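Enquirer: Residue numbers (our numbering): 125 to 836.
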Amino acid sequence: MTTPRSVALERLAYTLAAPVLAVAPNLYPDSPASTVVQLAGAAGIGGWFLAARSDESGAGRKILRWSPLVFAAAVDIAAGHTPGFGPYGMDGLLAAGWAAAGCLVMPFSRHTRRNHRPALAAPAPQQAPEVRQEPVAQPDDGADLLTRDARVLWEQAGMPGRTHIVKATRHPGMQHDMTILLRASEIGRPITGLTEAAVAAPFGVHSSDVVLAEVAIQPGRQGGPGWMEARITPDANQRRRTKPTDQERWTDRIGSPKGGAPGSELVHKTRDDERGVTFYRAKMADSTETPRIDLPKVCRALGLPEDDSCVFVLIDGSEFLISAFDEPPLSQIFPATRELLTPDAKGMYVCGFTTTGQPVKTMVYQHDKNAPAHGLTLGVSRSGKTQFFAIHMAAQSLNGQVVWLGTVRKDEKTTVLGRYIDRQGSNALWMARSLRAAKALCEIRADMPWPHDGQPHDYKPGDPRCPYRQLNVYGDEFMTAAQDADFGEFIQKDGEDLTVTGLKYGIGFNPAGQSPFAHNGFSTEMKDNLRQNSRPIIFNMGSPGATRKAAEGTMENAYDVPTIPARYSRTAGSAIERAMRGEADPENGVSTGGVAVIVLDNGRAVLMRSLYADFDTDLSELFPDEANRLTDYEISELDKRGLWFDWNEPVRPGEFWPEPDEDDDGEGRSRQRGDGDGGKGGGRGSKNSGRRSEQVTTPRQALEAIKSLTDA
125 MTTPRSVALE
135 RLAYTLAAPV
145 LAVAPNLYPD
155 SPASTVVQLA
165 GAAGIGGWFL
175 AARSDESGAG
185 RKILRWSPLV
195 FAAAVDIAAG
205 HTPGFGPYGM
215 DGLLAAGWAA
225 AGCLVMPFSR
235 HTRRNHRPAL
245 AAPAPQQAPE
255 VRQEPVAQPD
265 DGADLLTRDA
275 RVLWEQAGMP
285 GRTHIVKATR
295 HPGMQHDMTI
305 LLRASEIGRP
315 ITGLTEAAVA
325 APFGVHSSDV
335 VLAEVAIQPG
345 RQGGPGWMEA
355 RITPDANQRR
365 RTKPTDQERW
375 TDRIGSPKGG
385 APGSELVHKT
395 RDDERGVTFY
405 RAKMADSTET
415 PRIDLPKVCR
425 ALGLPEDDSC
435 VFVLIDGSEF
445 LISAFDEPPL
455 SQIFPATREL
465 LTPDAKGMYV
475 CGFTTTGQPV
485 KTMVYQHDKN
495 APAHGLTLGV
505 SRSGKTQFFA
515 IHMAAQSLNG
525 QVVWLGTVRK
535 DEKTTVLGRY
545 IDRQGSNALW
555 MARSLRAAKA
565 LCEIRADMPW
575 PHDGQPHDYK
585 PGDPRCPYRQ
595 LNVYGDEFMT
605 AAQDADFGEF
615 IQKDGEDLTV
625 TGLKYGIGFN
635 PAGQSPFAHN
645 GFSTEMKDNL
655 RQNSRPIIFN
665 MGSPGATRKA
675 AEGTMENAYD
685 VPTIPARYSR
695 TAGSAIERAM
705 RGEADPENGV
715 STGGVAVIVL
725 DNGRAVLMRS
735 LYADFDTDLS
745 ELFPDEANRL
755 TDYEISELDK
765 RGLWFDWNEP
775 VRPGEFWPEP
785 DEDDDGEGRS
795 RQRGDGDGGK
805 GGGRGSKNSG
815 RRSEQVTTPR
825 QALEAIKSLT
835 DA
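#1: Keeping to the same chain, check which residues put their C-beta closer than 8 Å to that of C566; ignore five residues upstream and five downstream.
#2: Using the Cβ count rule (16 or more neighbours within 10 Å means buried), how would you classify E463?
#3: Does the beta-carbon distance from G508 to F663 come in below 8 Å?
#4: Just verifying my parser: in three-state terms, what is the DSSP assignment at L565?
#5: Determine whether the beta carbon atoms of S309 and E320 lie at a separation below 8 Å.
#6: Is the CB-CB distance between D418 and G384 below 8 Å?
#7: Taking the alpha-carbon of T414 as reference, which of E389, E430, E443, I311 has the nearest alpha-carbon?
#8: For N239 and I187, I'd like the C-alpha separation in whole angstroms.
#9: Thinking P368 and D376 are a contact (beta carbons under 8 Å), I'd like their distance in whole angstroms, please.
#10: Got a sec, what are the start and stop residues for the beta strand (DSSP E) I109 sits in?
#11: Check whether the Cβ atoms of D571 and P585 sit closer than 8 Å, and answer yes or no.
#12: Could you spell out where the alpha helix (DSSP H) holding H516 opens and where it closes?
#13: Quick check on the burial criterion: 16 or more other C-beta atoms within 10 angstroms. Buried or exposed for Q257?
#14: Would you mind listing the alpha helix (DSSP H) stretches within the segment 610-639 that are 4+ residues and don't spill past its ends, in chain order?
#15: With a Cβ-Cβ cutoff of 8 Å, do K291 and L305 count as a contact?
#16: If I measure Cβ to Cβ from V161 and keep anything under 6 Å in the same chain, skipping five residues before and after, which residues do I get?
#17: Buried or exposed, going by whether 16 or more other CB atoms sit within 10 Å of the CB of K811?
#18: Within the continuous beta strand (DSSP E) that includes W868, where are the two ends?
#19: Determine the contact status of A281 and A325, defining contact as a CB-CB distance below 8 Å.
#20: Go through its chain and collect everything with a Cβ distance to P259's Cβ below 7 Å, but skip five positions before and after it.
#21: Which two residues bound the contiguous alpha helix (DSSP H) that contains E649?
#22: Go ahead and label K382 buried or exposed: buried means 16 or more other beta carbons lie within 10 angstroms of its beta carbon, across all protein chains shown.
#23: Could you compute how far the alpha carbon of I378 sits from the alpha carbon of A406?
#24: On a CA-only basis, which of S550, N657, W554 is nearest D492? Give me that one, please.
#25: In the DSSP assignment, find the alpha helix (DSSP H) that holds G204 and state where it starts and stops.
#26: Below 8 Å on the Cβ atoms is my contact criterion, and I expect F477 with M732 to pass it. Report the Cβ-Cβ distance as a whole number of Å.
#27: Taking the Cβ atom as the reference point for each residue, do L762 and A556 lie within a distance shorter than 8 Å?
#28: Taking a contact to mean a Cβ-Cβ separation below 8 Å, would you say V721 touches V775 in this structure?
#29: Since I believe Y736 is in contact with I457 (beta carbons under 8 Å), could you give me their beta-carbon distance rounded to a whole number of angstroms?
#30: Within 10 Å of its beta-carbon, does L133 have 16 or more other beta-carbons around it, so buried, or fewer, so exposed?
#31: Compute the Euclidean distance between the alpha carbons of P782 and S558, then round it to the nearest angstrom.
#32: Taking Cβ to Cβ, would you say G530 is nearer than 8 Å to Y583?
#33: Is it the case that the Cβ atoms of M665 and T671 are separated by a distance below 8 Å?
#34: Under 8 Å by Cβ, that's how I've got V329 and P358 pegged, so tell me the actual separation to the nearest angstrom.
#35: Which residue's Cα is closest to the Cα of P591: G184, R307, Y757?
#36: Take C434 as the anchor and find which of D370, P143, M704, P689 has the nearest alpha-carbon.
Here you go:
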């Protein structure tokens, strides 16, 4: 075997330096050569110290490399402190021993062998049997110890996936975590069949601690299918399992394919101590995807109670916000004030607050459509409808509008509201008369001249030239009133007509009830007009399913509808432990009265707590000093038609249907009903088709004629 040139030179240096170490201290004790040797020995000791302190591999080899300098200094010092050449020629023996050790041991330190290794003679070719060649390890390319050790393990495992390890990089501060860069053994072949288990086996780690990733093409390095990167992280995964960060917990338990929001990633987590809420803002990793959130599963992953009405989700495109409150936020009461209820220049006022504390606005007129606004309020009894009526009427009154309120039955709150508005009544007859008068006002206002040019115009909110005020007609429990045996037919028809035609003449209709569907009094045409010209308010409908169904019935697109429980209750202890001890569940519920879903203009349903108007106090602080009324001209025109009087009076003869004929034997009502638009009208036309003065020319007139038949 040919001796490497670096080894030969190193042995020659030791042989020539040995006599100098033995002779120089004896002949020239203070010579510069001794000083140089001792300084070199001090440097070697420093190299020993640094090698011992280093966390990197190869410390023994580094100590071996510095040993010749340290031992040479020791020989020099010993020679300088012995008389002459010492007993038995000790100085010479020490120098010779130092040279012999250097020639036999020190060259194996290989500190210059890599760059001065001559090529060996090629062996003579020999005939060998054809056998399948095993993959060979990558030739020595000056890699560090970690890479070489990893290659040894990789070769022992049979080069998994027919790949070579190009480089192994240890992760900072980790003992076992590293990233290995792999390349296919055959140039131009993609890496196939390599799995996490195949990478984990050579290094003795679990397959879950290995992640395979593609290698991007970088300047100076290839990439693509023939390269692959494997991250081996047993230490980091152990910490992640025991003490994960917020992002890691979200990725593992929420954003995973089986998590509560698959495909999502946490943007940041913030805490608002003043409001007692923690916000989790997240987004979809793919911005084109829509979040699919299972809120109970998200709560369990975050360690939050899922049934105490303290956790809410808000979706905005591909992003969403989860708000976790310490206490149910919607159990807080927000008192109504005149400042909040005063509409702005666009007819908007604050009607409540969301779970995040944001103000929610609704409208008293539609600024963008230059028209009044209808209103649709739904909810079961004691859900907060009348409370919302109070703040909405106050806002309309503060805007200078006229308000009429009709209910099916008398109660305390509607009676109190009657003191601050124009008119109020509490039976189906009163509601039918108010709708009939409002319908007649459409005709009156259609011919009402405006003072600036003497011509009639459509209503324009906020226009000071308009000769009349906006009128808002309320129909509480409209569903029940529309099913009244005597006046339900008039209420339903006039309410539908007012919904369709009232906006042109400054009249808004505000029905309220417990169902928005056709079989309960709301026709499809009526519901569509109400939905398009209002912001529907849905209070508790009796169950989360009914609330969701009612809200979806008022939305163009079925967005996610928040849930309104019967009560807000905090989770107290373990239900399982209470069951084992035979204890009763705690009764700490808070009423959800006043909590509603409001459908905004973009079709998104938002949960809010409406402002609270205390009926036990004076409501005059919310309403203007004087109630707004109709103009004298409008009242006189209604009076001419016989529609302006005390609507609490009993039914007048011939008011809705004419008196029976003398030959009718008193059975049933008259065949003739009054005119629906003039005189004492409000009726639906003649029951006797022979007495009809008008000709049937449209499908609607034909339908009315069919309804008027009684003896068919």
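Glycine is no exception: its CB is placed at the ideal position from the N, C-alpha and C atoms. Remember, it's a predicted structure, so these values are computed and weren't measured experimentally.
Expert: In terms of the structure at hand:
#1: The beta carbon of C566 sits closer than 8 Å to those of L622, T625, G626, K628, Y629, I631, all from its chain and outside the five residues before and after it, given in chain order.
#2: By the neighbour-count rule (16 or more Cβ atoms within 10 Å), E463 is not buried but exposed.
#3: In this structure, F663 lies closer than 8 Å to G508 by Cβ.
#4: Of the three classes helix, strand and coil, the one that applies to L565 here is helix, per DSSP.
#5: No. Outside cutoff.
#6: Closer than 8 Å, so yes.
#7: With respect to the C-alpha of T414, the residue from E389, E430, E443, I311 having the closest C-alpha is E443.
#8: The predicted position of N239 is uncertain, since its pLDDT is 45 and thus under 50; a value taken from the coordinates is nonetheless stated next. Rounded to the nearest angstrom, the gap between the Cα atoms of N239 and I187 is 21 Å.
#9: Correct: roughly 7 Å between the Cβ atoms.
#10: Residue 109 falls outside the range modelled here, since the chain spans only 125 to 836, and no answer is possible.
#11: In this structure, P585 does not lie closer than 8 Å to D571 by Cβ.
#12: Taken as a continuous stretch (DSSP letters only), the alpha helix (DSSP H) holding H516 covers 509-522.
#13: Interpretation of Q257 is limited by its pLDDT of 48, a score under 50 that renders its predicted location unreliable; no figure is taken from the coordinates.
#14: Counting only runs of 4 or more, we get 612-625.
#15: Yes, Cβ-Cβ distance for K291 and L305 is below 8 Å.
#16: Excluding positions up to five away in sequence, the list reads A196, A197, D200.
#17: Its pLDDT being 35, under 50, K811 is placed unreliably in this model, and the coordinates cannot settle the point.
#18: Residue 868 is absent from the model: the chain starts at 125 and stops at 836.
#19: Yes, these two residues count as a Cβ contact at 8 Å.
#20: Bear in mind that a pLDDT of 48 at P259, under 50, signals an unreliable position, so the model cannot answer this.
#21: It spans 648-656 - the alpha helix (DSSP H) in which E649 sits, taken as one unbroken run.
#22: So K382 ends up on the exposed side.
#23: C-alpha separation (whole angstroms): 11 Å.
#24: The option with the nearest alpha carbon to D492 is N657.
#25: Counting along the chain, the alpha helix (DSSP H) containing G204 begins and ends at 183-204.
#26: Rounded, the Cβ-Cβ distance is 6 Å, consistent with contact.
#27: No, they are not a contact pair.
#28: Going by C-beta atoms, V721 is not nearer than 8 Å to V775.
#29: About 5 Å separates the two Cβ atoms, so the contact holds.
#30: With fewer than 16 other CB atoms across the displayed protein chains lying within 10 angstroms of its CB, L133 is exposed.
#31: Whole-angstrom Cα-Cα distance: 20 Å.
#32: The answer is no: Cβ separation not under 8 Å.
#33: In this structure, T671 lies closer than 8 Å to M665 by Cβ.
#34: The C-beta distance from V329 to P358 rounds to 5 Å, short enough to meet the 8 Å contact threshold.
#35: Nearest of G184, R307, Y757 to P591, Cα basis: Y757.
#36: Distance from the Cα of C434 is smallest, within the candidate group D370, P143, M704, P689, for P689.
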